[in-house]
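Everything below concerns the one structure shown next.
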Amino acid sequence: MIDLLTTDMKSVVPDDSINFMLVRGSEKAFCAGGDIRSKTRFTSSSNQFDIQESQRLVKLVPHWLRRSFSLNYLTGTVHKPYIALISGITMGGGIGTSVHSPYRVATETTTFAMPETAIGFFPDVGRGYFLPRLKGELGMYLALTGHRLKGRDVLHGGIATHLVGKEKIPSLLSELTESCDDPVMKRDPHYVVKSILDKYHKELPTVPECPGQSWIYCCCPGGVPDCSLYRISHFYSHTHSLNIDDRSFSLTPHVELIDKCFSGGSVEDIQMSLLDDGSDWSINQFQTNWWTDFNSHYKLCRHSVHQVNSCRDIGIIISDSLSWSLHYRSISSKAYGQMSLIRRTFSTSSIKVRKLLYISLVCSKLVYGSQLWRPMFIKDIVILERIQRRATRFITNDYASVPSHATPNVYPRAA
Numbered sequence: 384m385i386d387l388l389t390t391d392m393k394s395v396v397p398d399d400s401i402n403f404m405l406v407r408g409s410e411k412a413f414c415a416g417g418d419i420r421s422k423t424r425f426t427s428s429s430n431q432f433d434i435q436e437s438q439r440l441v442k443l444v445p446h447w448l449r450r451s452f453s454l455n456y457l458t459g460t461v462h463k464p465y466i467a468l469i470s471g472i473t474m475g476g477g478i479g480t481s482v483h484s485p486y487r488v489a490t491e492t493t494t495f496a497m498p499e500t501a502i503g504f505f506p507d508v509g510r511g512y513f514l515p516r517l518k519g520e521l522g523m524y525l526a527l528t529g530h531r532l533k534g535r536d537v538l539h540g541g542i543a544t545h546l547v548g549k550e551k552i553p554s555l556l557s558e559l560t561e562s563c564d565d566p567v568m569k570r571d572p573h574y575v576v577k578s579i580l581d582k583y584h585k586e587l588p589t590v591p592e593c594p595g596q597s598w599i600y601c602c603c604p605g606g607v608p609d610c611s612l613y614r615i616s617h618f619y620s621h622t623h624s625l626n627i628d629d630r631s632f633s634l635t636p637h638v639e640l641i642d643k644c645f646s647g648g649s650v651e652d653i654q655m656s657l658l659d660d661g662s663d664w665s666i667n668q669f670q671t672n673w674w675t676d677f678n679s680h681y682k683l684c685r686h687s688v689h690q691v692n693s694c695r696d697i698g699i700i701i702s703d704s705l706s707w708s709l710h711y712r713s714i715s716s717k718a719y720g721q722m723s724l725i726r727r728t729f730s731t732s733s734i735k736v737r738k739l740l741y742i743s744l745v746c747s748k749l750v751y752g753s754q755l756w757r758p759m760f761i762k763d764i765v766i767l768e769r770i771q772r773r774a775t776r777f778i779t780n781d782y783a784s785v786p787s788h789a790t791p792n793v794y795p796r797a798a
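Position 302 (the sequence shown) corresponds to 685 in the working numbering; numbering is contiguous.
As structure tokens, this is what we get:
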């Protein structure tokens with residue numbers, strides 16, 4: 384598909400008989416992106432053919448990425464009007480073939496998302512340029528969470544420049560086709576295309592402009608840096624003039640929280656910011672699995688653990704930690720099991736090493752969920768103290784003088 388689009392665009396650009404380009408998908412989707420599964424299904428197989436196929440695909444990845452980025456650049460710099468009709472599902476790599484266009488037309492059936500983040504795939508192929516240019520931290524929020532924008536939200540978020548009812552699409556296409564005979568189209572195709580799209584732009588209620596921050600009127604200017612200053616200012620001023628009711632944007636109530644919590648310099652900072660906020664929305668965002676698919680840093684003595692060569696069991700512990708859950712019973716169960724594994728594996732280690740292992744691999748779990756457990760029930764506190772008491776005996780290597788009812792002296796907050 385990438386090769387076909389690139390070939391067609393390169394043949395259209397020098398053809399003076401063609402005034403504009405329009406790309407659209409099927410009835411159900413504009414483009415659902417690349418088939419990641421097909422790229423990875425051979426990697427886990429022991430079959431010799433699958434191994435060879437996997438090696439072949441790996442060699443093709445740089446070439447495929449180069450062609451994808453070239454197409455994205457072409458759609459953003461072509462001098463003729465390039466219209467992306469993003470009706471239906473618009474996800475993954477399909478976003479890259481549309482968002483750089485100066486005219487992005489959405490309908491009420493448009494669904495914009497990056498679901499590949501849920502499996503740890505990097506959201507790029509053109510989106511690395513577009514997302515940071517959305518208002519505030521919306522781009523970071525969409526990239527990390529894979530949150531879906533539908534219908535009007537696609538326009539309000541700055542992904543689309545126009546919103547047209549799906550029932551009006553045939554009429555819009557017909558009028559664009561008829562405009563090719565207009566003499567003005569030859570002189571200024573952008574003016575004609577813009578006028579027609581504005582005409583079909585879905586009428587939205589006009590309300591007084593509200594003070595405070597909002598993501599309304601934040602559509603990105605079309606194209607990439609090579610676009611002329613006229614084009615950038617032309618489309619930017621156009622998107623600012625749209626009368627849009629910001630109260631109909633589903634994320635408007637959370638604008639301030641998104642800008643605050645998702646401005647961190649790392650995934651860990653964003654996680655902690657969500658926890659510190661403590662609101663229902665922040666906790667719900669924290670409880671999603673988006674962050675588990677990014678490799679968090681594991682630390683021993685405040686230093687990041689990048690690799691472990693001499694002790695295989697530590698590697699197993701770290702790998703197991705990737706399946707964290709926010710439910711207190713699940714967290715406490717994992718912490719207890721982690722403590723048992725450390726006791727079996729490092730029974731002859733020094734007190735200093737034991738304490739470091741406890742703080743890094745057990746406390747990290749308890750601290751992680753401590754704010755979500757408040758106010759805790761008595762039964763929850765009993766489970767927590769059981770883990771702490773078990774750790775006290777192990778670290779001090781004293782199983783005789785520490786009674787089972789003693790107050791534990793190793794707390795999660797000690798980390």
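We put the CB at the ideal spot given by N, CA and C, even for glycine. Values in this document were obtained by computation on a predicted structure and should not be read as measured data.
To the nearest angstrom, how far is it from the Cα of Gly479 to the Cα of Arg531?
-> 16 Å
Check whether the Cβ atoms of Phe645 and Glu499 lie closer than 7 Å to each other.
-> no
With distances taken Cα to Cα, identify the nearest neighbour of Tyr583 among Tyr719, Ser633, Tyr486.
-> Tyr486
Anticipated Cβ contact below 8 Å, Leu457 with Met392, distance rounded = 6 Å
Could you pull the start and end residues of the alpha helix (DSSP H) that Ile552 belongs to?
-> 552–561
What does DSSP give as the partner residues of Tyr486 in its beta bridges?
-> Ile466
If we call anything under 7 Å between Cβ atoms a contact, is Ala526 one with Leu514?
-> yes
Starting from Val567, follow the alpha helix (DSSP H) in both directions and report where the run begins and ends.
-> 566–570
Which listed residue (Thr494, Arg776, His483) has its alpha carbon closest to that of Ser470 = Thr494
Can you name, in chain order, every residue of its own chain whose Cβ lies under 7 Å from the Cβ of Leu740, other than the five neighbours on each side?
-> Ile725, Phe729
In angstroms with no decimal places, state the Cα-to-Cα distance between Thr390 and Gly509.
-> 19 Å
Would you mind giving the Cβ-Cβ distance between Gly541 and Leu517, rounded to the nearest angstrom? I have them listed as a contact below 8 Å.
-> 5 Å
Thinking C-beta only, is Ser484 closer than 7 Å to Tyr465?
-> yes
Taking Asp581 as the reference, which of Leu387, Val461, Ser394, Val488 has the closest Cα?
-> Val488
Assumed close pair Ile552, Thr490 - CB separation to whole angstroms, cut-off 8 Å | 7 Å
Please state whether DSSP places Lys643 in a helix, a strand or coil.
-> helix
Within 7 Å, strictly: CB atoms of Ile472 and Ala412 = yes
In the structure shown, what three-state DSSP assignment does Ala412 receive?
-> strand
Considering only the beta carbon of each residue, do Ile653 and Gly647 sit closer than 7 Å?
-> yes
Measure the alpha-carbon distance for Arg737 versus Gly720 and round it to whole angstroms.
-> 15 Å
Is His680 buried or exposed, if buried means 16 or more other CB atoms sit within 10 Å of its CB?
-> The predicted model places His680 with a pLDDT of 49, which falls under 50 and marks its position as unreliable, so this point remains unresolved.
Helix, strand or coil at Ile401 according to DSSP, with G and I counted as helix = coil
How many whole angstroms separate the CB atoms of Arg369 and Met722, which I take to be in contact at a CB cut-off of 8 Å?
-> Here the chain comprises residues numbered 384 to 798, so residue 369 is not present and cannot be evaluated.
Beta carbon of Val482 nearer than 7 Å to that of Val396 = no
Boundaries of the beta strand (DSSP E) in which Phe632 is found, first to last residue = Segment: none, Phe632 is in no beta strand (DSSP E) and carries neither H nor E.
C-alpha distance - Phe669 paired with Leu657, whole-angstrom precision | 6 Å
Alpha carbon of Met358 to alpha carbon of Lys735, nearest angstrom | No statement about residue 358 is possible, as the shown extent of the chain runs from 384 to 798 and does not include it.
Of the choices Asp536, Tyr574, Leu454, whose alpha-carbon is the least far from that of Ile385?
-> Leu454
To which residues does DSSP link Ala496 through a beta bridge?
-> Met474
Report the residue from Glu651, Asp663, Ser631 whose alpha carbon sits nearest the alpha carbon of Leu640.
-> Asp663
Can the beta-carbon of Ile575 be found closer than 7 Å to that of Ser562?
-> It should be pointed out that residue 575 corresponds to Val in this sequence rather than to Ile. Yes, Cβ-Cβ distance for Val575 and Ser562 is below 7 Å.
How would you call His545, buried or exposed, if buried means at least 16 neighbouring beta carbons within 10 angstroms?
-> buried
Is the beta carbon of Asn402 sitting closer than 7 Å to the one on Pro566?
-> no
Status (buried if at least 16 other CB within 10 Å, exposed otherwise) for Leu387 | exposed
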